[in-house]
Amino acid sequence: QPVYLPDEIIIQIVEELSRCRSAQFTLASCCLLSRQWYSAAVPYLYAIPYITGKNFDAFVRAICPSINLHVRKSPLAEFVKVLNMSHLVHSGSKATTARLLGRTKGSLEEFVAPQASFGTNCFPALGKSRNLKVLDLSLVSESPPLMDLFKTIGHLAKLSRLRLPRSAGFSQGFHAEAMTWPPNLEDLCLSGGIDVHFLQGVVSFPDTLRSLTIEHCPMAKTGAILHLLRTAVRPLPNLEVLKLSNLPRLMGNSLDDVLVILPGLTRLSISVDYITPQVFDLGADRGHEHGADPHCQLRTLELTNSGNPGVEDKITPIDVLIAVEDSSLPMLRQVRVANSLFWQS
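Position 7 of the sequence shown, counted from 1, bears residue number 7 in the UniProt record's numbering, the numbering being contiguous throughout.
The structure is reproduced here in structure tokens:
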């Protein structure tokens, strides 16, 4: 005679199993035990599905048993909270992605778009995803019209993290004055064709912004980036984290003034390709020159490498040590360095 377990106990067991690394396989096995286990495990199984090319078709059939929603609706769709399609390259189509978004829009909290099967036909469902908190479009190879994207997501009150496509175009047909940022955006990643058209047009970012990443921008030049930091980024009252990498048009000392312009940062991740030890020279004269308080709040410094050869020795441990001893970085508590800089050798 099998031992009966109350539903509450089974739910606690399943909830604990869902945190494991191989949760999807384990939860699928739990669903096969009995109806009671199935009812407890299936919401966790579909909450954060691990989608690959091998199981994608089966997942689509489970969520979208019929092309017409009014003909047949899947009860599993309401369980999906995270739709991560980053592991898909050529699987599916734009219509399939739009259909998945349409079925899961009521419960969806995080969406990572696939590389090749995301387009403007996904916007209607995306705009109705009222619970969406994270939107990651960084892998999208063919960027949709940005103005249409901002019109779609500008009213999503719960959206706190946004990553734009690396192929995003900000010049042709882009009107910065018509941009509408999500009202509670906290983490923004800018990438793609950021050029003078964008930088001259951006008046302000949302005041709620806490983290800003600028990466993979082949068009951005030194003057344009510094102009953005001074005019649009420095006024942000809550900004704590700044990440700068993969900006091929910048020179070896282009970002030496970043801590002078933004002394309130608590975490900075920056490629050594664009800085020299001068970045740690935070004297009062430099601060007043840029109109900023020279007192640096930096607690975490992360040094990376954008792939350019011969930059391993630009910033050394001695440079950081001197900056700490000179009280240029009085709040610094953690230094993280990419393995490619060979500090460990």
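Beta carbons: idealized from backbone N, C-alpha and C, even for Gly.
Helix, strand or coil: which one does DSSP assign to residue i?
i, result
"residue 94", "helix"
"residue 215", "strand"
"residue 385", "This structure cannot speak to residue 385, because the chain is shown only from 1 to 345."
"residue 161", "strand"
"residue 340", "helix"
"residue 244", "strand"
"residue 309", "coil"
"residue 276", "coil"
"residue 26", "helix"
"residue 249", "coil"
"residue 208", "coil"
"residue 104", "helix"
"residue 232", "helix"
Give every residue of the same chain whose Cβ lies closer than 8 Å to the Cβ of residue i, excluding the five residues on either side of it in the sequence, and list them in chain order.
i, result
"residue 89", "53, 114, 115 and 116"
"residue 67", "99"
"residue 297", "263, 264, 265, 266 and 331"
Can you list, in chain order, the residues of its chain whose CB lies under 7 Å from that of residue i, leaving out five sequence neighbours each side?
i, result
"residue 341", "272, 303, 305 and 312"
"residue 41", "14, 27, 30 and 31"
"residue 168", "143, 146, 191, 192 and 193"
"residue 335", "301 and 320"
For the beta strand (DSSP E) containing residue i, name the first residue and the last one.
i, result
"residue 136", "134–136"
"residue 270", "267–271"
Under 6 Å Cβ to Cβ from residue i, same chain only, skipping five residues before and after it: list those, please.
i, result
"residue 93", "117"
Since residue i sits in a beta bridge, which residues does DSSP pair it with?
i, result
"residue 334", "300"
"residue 112", "84 and 136"
"residue 189", "163 and 213"
For the alpha helix (DSSP H) that residue i lies in, which residues bound it at each end?
i, result
"residue 123", "123–127"
"residue 324", "317–325"
"residue 155", "Looking at the DSSP string, residue 155 is not in any alpha helix (DSSP H), and its letter there is neither H nor E."
"residue 224", "222–228"
"residue 7", "7–17"
What runs of the alpha helix (DSSP H), each 4 residues or longer, lie entirely inside the stretch 28–99?
-> Secondary structure within the stretch 28–99: the alpha helix (DSSP H) runs of 4 or more consecutive residues, fully enclosed, are 35–47 and 56–63 (chain order).
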